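Some notes on the structure that comes next.
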Amino acid sequence: MDRYTIVARHAVHRTSADPLEPLSVGNGEFAFTVDVTGLQSLPDFHADGIRLGTQAQWAWHTAPNPQGFTLADSYEDYETPEGRRVAYATTGADYSDPTVTHRAKEARQWLRQNPHRIDLGRIGFVRADGRGLRVSELAAISQRLDLWRGRIESRFLLDGTLVEVATTCDPELDLIAVRIESALLARGELAVAVRFPYAQGDWSEPCDWNSAALHHTEVSVRGRHAHIRRVLDRDVHHVGLTWSSGAHLKQTGPHELVLRADGIGALDFTAGFSPTPLAGTPQTVQETLTAAELFWAEFWATGGVVDVGDSTDPRAEELERRVVLSQYLTAIHCAGSTPPQETGLVHNSWRGKFHLEMHWWHAAHFALWDRTPLLERSIGWYERILPVAQEYARAQGYAGARWPKQVGPEGRESPSDIGAVLIWQQPHPIYFAELLWRARPTRRTLERLAPLVFESATFMASYASWDPRRERFDLGPPLASAQERAFRARREARNPTFELSYWAWGLRTAQAWRERLGLPRISLWDSIARGFAPLPVRDGIYVELEHPVTLPEGHPAMVGALGFVPDTGLVDHARMRATLRHVLDRWGWDETWGWDFPLLAMTACRVGEPSLAVDALLLDVPKNRYLGNGHNFQRPGTLPLYLPGNGGLLYAVAMMAGGWDGAPEGPAPGFPTDGWRIRSEGFSPAP
Numbered sequence: 004m005d006r007y008t009i010v011a012r013h014a015v016h017r018t019s020a021d022p023l024e025p026l027s028v029g030n031g032e033f034a035f036t037v038d039v040t041g042l043q044s045l046p047d048f049h050a051d052g053i054r055l056g057t058q059a060q061w062a063w064h065t066a067p068n069p070q071g072f073t074l075a076d077s078y079e080d081y082e083t084p085e086g087r088r089v090a091y092a093t094t095g096a097d098y099s100d101p102t103v104t105h106r107a108k109e110a111r112q113w114l115r116q117n118p119h120r121i122d123l124g125r126i127g128f129v130r131a132d133g134r135g136l137r138v139s140e141l142a143a144i145s146q147r148l149d150l151w152r153g154r155i156e157s158r159f160l161l162d163g164t165l166v167e168v169a170t171t172c173d174p175e176l177d178l179i180a181v182r183i184e185s186a187l188l189a190r191g192e193l194a195v196a197v198r199f200p201y202a203q204g205d206w207s208e209p210c211d212w213n214s215a216a217l218h219h220t221e222v223s224v225r226g227r228h229a230h231i232r233r234v235l236d237r238d239v240h241h242v243g244l245t246w247s248s249g250a251h252l253k254q255t256g257p258h259e260l261v262l263r264a265d266g267i268g269a270l271d272f273t274a275g276f277s278p279t280p281l282a283g284t285p286q287t288v289q290e291t292l293t294a295a296e297l298f299w300a301e302f303w304a305t306g307g308v309v310d311v312g313d314s315t316d317p318r319a320e321e322l323e324r325r326v327v328l329s330q331y332l333t334a335i336h337c338a339g340s341t342p343p344q345e346t347g348l349v350h351n352s353w354r355g356k357f358h359l360e361m362h363w364w365h366a367a368h369f370a371l372w373d374r375t376p377l378l379e380r381s382i383g384w385y386e387r388i389l390p391v392a393q394e395y396a397r398a399q400g401y402a403g404a405r406w407p408k409q410v411g412p413e414g415r416e417s418p419s420d421i422g423a424v425l426i427w428q429q430p431h432p433i434y435f436a437e438l439l440w441r442a443r444p445t446r447r448t449l450e451r452l453a454p455l456v457f458e459s460a461t462f463m464a465s466y467a468s469w470d471p472r473r474e475r476f477d478l479g480p481p482l483a484s485a486q487e488r489a490f491r492a493r494r495e496a497r498n499p500t501f502e503l504s505y506w507a508w509g510l511r512t513a514q515a516w517r518e519r520l521g522l523p524r525i526s527l528w529d530s531i532a533r534g535f536a537p538l539p540v541r542d543g544i545y546v547e548l549e550h551p552v553t554l555p556e557g558h559p560a561m562v563g564a565l566g567f568v569p570d571t572g573l574v575d576h577a578r579m580r581a582t583l584r585h586v587l588d589r590w591g592w593d594e595t596w597g598w599d600f601p602l603l604a605m606t607a608c609r610v611g612e613p614s615l616a617v618d619a620l621l622l623d624v625p626k627n628r629y630l631g632n633g634h635n636f637q638r639p640g641t642l643p644l645y646l647p648g649n650g651g652l653l654y655a656v657a658m659m660a661g662g663w664d665g666a667p668e669g670p671a672p673g674f675p676t677d678g679w680r681i682r683s684e685g686f687s688p689a690p
């Protein structure tokens with residue numbers, strides 16, 4: 004297959020600025036997001052769109068905690084079906100009431116805001132007098148994201164003079180490399196400013212530009228290199244700047260530096276970021292450009308690939324565009340050493356925290372696309388926080404490890420009336436482990452990941468409650484189902500369809516892991532997996548919960564019981580097919596999210612409806628919009644990009660092209676034959 008042609012035909016090219024369409028370079032651990040100048044010169048223009056940012060997986064800040072708040076300060080008691088009192092970290096009834104103040108509320112506010120991901124700095128063009136550029140001053144804009152080489156090439160006219168910029172990121176280091184050519188540099192009319200903000204725990208904005216006294220920037224210059232030590236309260240990190248011969252750096256403010264190349268007309272510079280002091284010989288721009296080119300050429304030349312170029316369905320080109328760009332975006336934003344936040348390394352959502360129920364959507368697809376190491380990078384984080392998850396379960400009176408929902412790198416739960424009682428992330432480590440085992444079925448894989456599998460299953464078995472009257476095991480109360488719409492009834496909610504199926508699969512898979520290791524099965528796990536309450540049905544279709552009744556809005560999670568979840572034998576295929584059609588015909592799409600559409604497509608695959616799989620992936624509704632830069636748009640302001648949609652799309656397409664356990668024979672079993680001609684290679688079947 005001609006992989007270069009497939010990738011190259013979806014290179015992003017723009018001739019005008021759009022606040023929703025900045026571009027990023029990155030490596031999974033670090034990303035740098037730029038405007039049409041190839042730098043971060045137009046932050047105000049992007050303030051109400053997709054913001055410009057410089058972020059890394061390690062870059063977090065914690066505000067002072069003089070009152071010593073702990074998670075226990077946010078606890079609120081809930082009653083289980085057995086009559087036991089269990090404490091959950093909630094926000095409480097008065098969280099949004101500004102007239103009420105007490106320790107629990109103050110603790111909840113601090114715990115939700117901390118830690119928060121930070122922006123490491125802004126690097127952009129400025130005029131000779133330090134004034135920033137305005138988008139109205141730019142003409143003849145031409146910017147291209149070269150996917151095959153992993154670089155952004157930008158050209159524009161400023162004051163009638165051409166400016167050319169190449170921007171890339173090293174594939175291993177948290178470092179950008181930039182090459183600029185323009186007569187404006189030589190005339191001293193254009194320079195590059197590097198500015199550093201303080202951090203803040205705002206929902207989406209990580210930068211505080213108005214608190215200069217609260218942080219410190221210590222600069223040491225030696226030759227053509229500057230070492231910068233950044234201090235934000237008790238958090239410290241380091242920045243290294245290196246520039247080409249003839250240029251010079253000047254500190255122009257407490258947290259601002261300006262790099263000039265007067266009289267030269269060309270400027271190369273690198274900017275590296277690290278939690279520890281930078282050491283060694285600084286890498287050059289050319290070395291970084293070459294390293295990035297080699298990395299991305301190998302990335303695209305390996306792994307799974309889909310070619311729909313010979314299809315006659317008019318939607319084929321758009322689907323392929325989304326697939327190619329989603330591969331790039333998830334590689335730079337979702338393939339790091341910790342689970343990603345929903346907006347990746349672009350700018351913050353939910354204060355930069357990551358949501359563990361979303362990690363599956365961000366990263367599971369890597370295994371099916373034969374890029375398992377990109378999934379494996381983040382599994383070590385679960386191993387590191389296993390003691391935290393075990394303590395969380397123990398504090399509630401459960402065995403095993405209870406995985407939190409909304410967390411920072413330390414793994415501590417955030418108070419939430421939804422997140423604290425959400426449960427569908429609990430089998431995720433079992434699913435990840437199974438994907439890694441299928442890719443690498445060795446004793447070493449089993450022994451390494453068995454603690455995650457067994458501790459997850461132990462909690463799941465401990466959480467399930469026995470109903471002696473109905474002689475069955477129930478899930479909840481309390482709980483919030485994956486749909487989340489009934490969270491206000493969390494004290495009474497029970498038996499969500501998706502979670503019942505997923506937990507049964509998880510417990511059975513954990514038993515398979517015991518057998519692979521030569522260990523005896525645990526009879527309780529078998530009893531629970533076989534004895535769960537029946538999947539709730541109303542009017543002939545599967546519904547979200549046994550109780551309460553929910554409206555047809557939000558996530559249509561019930562379809563995930565057969566689609567996302569492999570076939571457990573618990574789901575009637577004909578009934579699920581009817582449920583899928585019901586959702587497609589009657590759902591309230593305004594309240595859905597980007598991963599709902601691949602969720603539907605995966606179910607369509609397993610119930611033998613390939614045409615519906617394509618229809619679901621390409622539904623023309625607001626939350627299924629993919630911007631020119633490949634990002635899945637959700638809503639203006641707080642969530643203009645949503646990477647779970649991109650990752651979900653890739654998982655669904657992998658199933659459609661590469662199949663799944665028990666899929667029909669033949670190529671591309673999840674695609675229809677009418678109008679679609681699919682060529683693919685490099686895929687592993689889904690479980």
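Read left to right, the sequence shown gives residues 4 to 690 (this note's numbering). The beta-carbon is built from N, C-alpha and C at its ideal position, and this holds for glycine as well. Here the structure is a predicted model, which is why all the values come from computation and not from measurement.
Item to check | Selected residue, minimal CA-CA separation from Thr641, among Ile53, Leu455, Ser27 and Ser44 | outcome: Ile53
Checklist entry - Which one or two residues does DSSP pair with Phe476 in a beta bridge? => result Trp469 and Phe535
Checklist entry - Straight-line CA distance for His709 to His16? => result The structure shown has nothing for residue 709, since the chain only spans 4 to 690.
Item to check | Segment contact flag, the segment 424-438 with the segment 504-524, C-beta cutoff 8 Å, min 3 pairs | outcome: yes
Checklist entry - Taking the alpha helix (DSSP H) that Ile433 falls in, what are its first and last residues? => result His431 to Ala442
Next on the checklist: Could you check whether Ala92 and Glu416 sit closer than 8 Å to each other, using their CB atoms as the reference points?
Outcome noted: yes
Item to check | Whole-angstrom distance between Ile421 and Pro625, CA atom to CA atom | outcome: 24 Å
Checklist entry - beta strand (DSSP E) containing His230: first to last residue? => result His228 to Leu235
Checklist entry - Is it buried or exposed for Pro174, if we count other Cβ within 10 angstroms and need 16 for buried? => result buried
Checklist entry - Beta carbon of Ser484, beta carbon of Glu502: below 8 Å? => result yes
Item to check | When Gly226, His634 and Glu221 are compared against Arg232, the one with the closest alpha-carbon | outcome: Glu221
Item to check | Inter-residue CB distance, Ala560 and Leu587 (contact presumed, cutoff 8 Å) | outcome: At roughly 15 Å, the Cβ-Cβ gap does not stay under 8 Å, so Ala560 and Leu587 are not in contact.
Checklist entry - Looking at the unbroken beta strand (DSSP E) that takes in His558, where does it start and where does it end? => result Looking at the DSSP string, His558 is not in any beta strand (DSSP E), and its letter there is neither H nor E.
Checklist entry - Name the DSSP bridge partner or partners of Leu148? => result Val15 and Ile155
Next on the checklist: Going by DSSP, what residue range makes up the alpha helix (DSSP H) through Lys626?
Outcome noted: Run containing Lys626: none; DSSP gives neither H nor E here.
Item to check | N- and C-terminal bounds of the beta strand (DSSP E) containing Asp80 | outcome: Tyr78 to Glu82
Checklist entry - Nearest-angstrom Cα distance between Ile335 and Leu150? => result 12 Å
Checklist entry - Between which two residues does the alpha helix (DSSP H) containing Glu518 stretch? => result Thr500 to Arg519
Checklist entry - What did DSSP end up calling Phe369 once you bin it into helix, strand or coil? => result helix
Checklist entry - Using DSSP with H/G/I as helix, E/B as strand and the rest coil, what is Trp384? => result helix
Checklist entry - Of the choices Ala96, Glu109, Leu583 and Gly56, whose alpha-carbon is the least far from that of Pro69? => result Glu109
Next on the checklist: Quick check on the burial criterion: 16 or more other C-beta atoms within 10 angstroms. Buried or exposed for Ala671?
Outcome noted: buried
Item to check | Where Arg134 falls, given that 16 or more other Cβ within 10 Å makes a residue buried | outcome: exposed
Item to check | beta strand (DSSP E) runs wholly inside the segment 157-215, at least 3 long, in chain order | outcome: 164-172, 178-184 and 193-198
Checklist entry - From Thr273 to Thr245, what distance separates their C-alpha atoms? => result 5 Å
Item to check | Span of the alpha helix (DSSP H) around Trp707 | outcome: The requested residue 707 does not occur in the structure, where the chain is confined to residues 4 to 690.
Item to check | For Leu348 and Thr164, the rounded distance between their alpha carbons | outcome: 33 Å
Item to check | Three-state secondary structure assigned by DSSP to Lys253 | outcome: strand
Next on the checklist: If you follow the alpha helix (DSSP H) that His576 is in, where does it begin and where does it stop?
Outcome noted: His576 to Arg589
Checklist entry - How about Leu602 and Gly648: are their beta carbons less than 8 Å apart? => result no
Item to check | Residues that Glu612 bridges to, as DSSP identifies them | outcome: According to DSSP, which records beta bridges pairwise, Glu612 is partnered with nothing at all.
Checklist entry - So Glu184 packs on Ala131, CB below 8 Å; how close in whole Å? => result So it is not a contact: roughly 18 Å between Cβ atoms.
Checklist entry - Using the rule of at least 16 other Cβ atoms within 10 Å of the residue's Cβ for burial, across every protein chain shown, is Ser683 buried or exposed? => result buried
Checklist entry - What's the gap between the Cα of Ala532 and the Cα of Ala513? => result 11 Å
Item to check | Coarse secondary structure for His218, derived from DSSP in three states | outcome: strand
Next on the checklist: According to DSSP, simplified to helix, strand and coil, what is Ala666?
Outcome noted: coil
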